[in-house]
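**Q**
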Amino acid sequence: MGNSFGCKRKRTIKVMRIDGSTLRLKTPATAGDVLRDHPTYSVLDAADFKTLGLRARRLTADDPLLSGRLYFLVQLPRFQPAVTRRSLSYNTGHSAKDRLDLLFKSRSTGSNLAVHSCAEAEKARAEDTTEGVTRLRVRLPKNEVAKLVEESRDDAEAVQRIVELSVALRSSPMTSSQLTGPKENKIRFLLPEQIIA
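Using this note's numbering, read the sequence shown as starting at 7 and increasing by one per residue.
This is the structure in structure tokens:
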């Protein structure tokens, strides 16, 4: 008959721990057999672990362990899933357009309240201190401030009028062009001799 070589198949499965010690299991075995003794650990295939690292797929308890292969028994950190904030939308009976209108109204009223509260707080700060000096930085038109200073009898009255003017300007929404006056457009025309030269 002919020459034949017989080879003995490996019937053991190696499961290596982090400290270097190995567990040897006989086939057929599943990952659940290993995890039964180590409930907080996970079994990873060594080939997947070399390429993917900790992102390697964990073997479930039903996955078979193949003979002649190496597996790692590791305790992976358990990450808490990020809690996502969800806005609950119950059946309120509003359409999307109504909800959008309500959103705009709530934002506009909130911003109006913020302007009024700032203006009232500024006025209260200016009236509150009679002993010391209070400094406020306010952007006002120069011509109106000069007019108020000239019309007032003393400094206290001038300060009071300036504060009232700043509160009035803050409570009514004005654009910067209304505060500073119309912007002049500067146009320069070139004369024919400048163009040729």
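Built from N, CA and C at the ideal position, the CB exists for glycine as well.
Note that the structure is predicted; figures quoted are calculated from it, not measured.
(1) Could you compute how far the alpha carbon of S174 sits from the alpha carbon of R84?
(2) For the stretch 60 to 79 against the stretch 20 to 28, do three or more pairs of beta-carbon atoms, one drawn from each stretch, fall closer than 8 angstroms, so that the two count as touching?
(3) So the candidates are K111, L29 and A37; which of them puts its Cα closest to the Cα of A71?
(4) Quick check: what's the CA-CA separation for K32 versus A67?
(5) Going by DSSP, what residue range makes up the beta strand (DSSP E) through G19?
(6) Report, in whole angstroms, the separation of the C-beta atoms of D172 and V144, which I expect to be a contact under 8 angstroms.
(7) For L65, which of A162, R167, V40 and F110 has the nearest alpha-carbon?
(8) Contact check, S158 vs A164 under 8 angstroms by CB: the rounded distance?
(9) Using DSSP with H/G/I as helix, E/B as strand and the rest coil, what is S10?
(10) In its own chain, which residues sit with a C-beta less than 8 angstroms from the C-beta of T46, not counting the 5 before and 5 after it?
(11) Can you tell me where the alpha helix (DSSP H) with R176 in it begins and where it stops?
(12) When the Cα of D51 is compared with those of H44, L146 and L60, which residue comes out closest?
(13) Can you give me the C-alpha to C-alpha distance between R30 and S10, rounded to a whole angstrom?
(14) Tell me which residues share the same chain as K56 and place their Cβ nearer than 6 angstroms to its Cβ, disregarding the 5 neighbours each side in the sequence.
**A** The answer reads as follows:
(1) A quick correction: the sequence has Ala, not Ser, at residue 174. When rounded, the distance between both Cα atoms is 59 angstroms.
(2) yes
(3) According to the sequence as given, residue 71 is Leu; it is not Ala. It is A37 whose Cα lies nearest to the Cα of L71.
(4) 16 angstroms
(5) Strictly speaking, residue 19 in this sequence is Ile, with Gly absent from that position. Here the beta strand (DSSP E) through I19 covers T18 to R23.
(6) This sequence places Ser at residue 172; Asp is not what is there. S172 to V144, Cβ: 4 angstroms. Contact.
(7) V40
(8) 4 angstroms
(9) coil
(10) Q81
(11) D161 to S177
(12) L60
(13) 30 angstroms
(14) none
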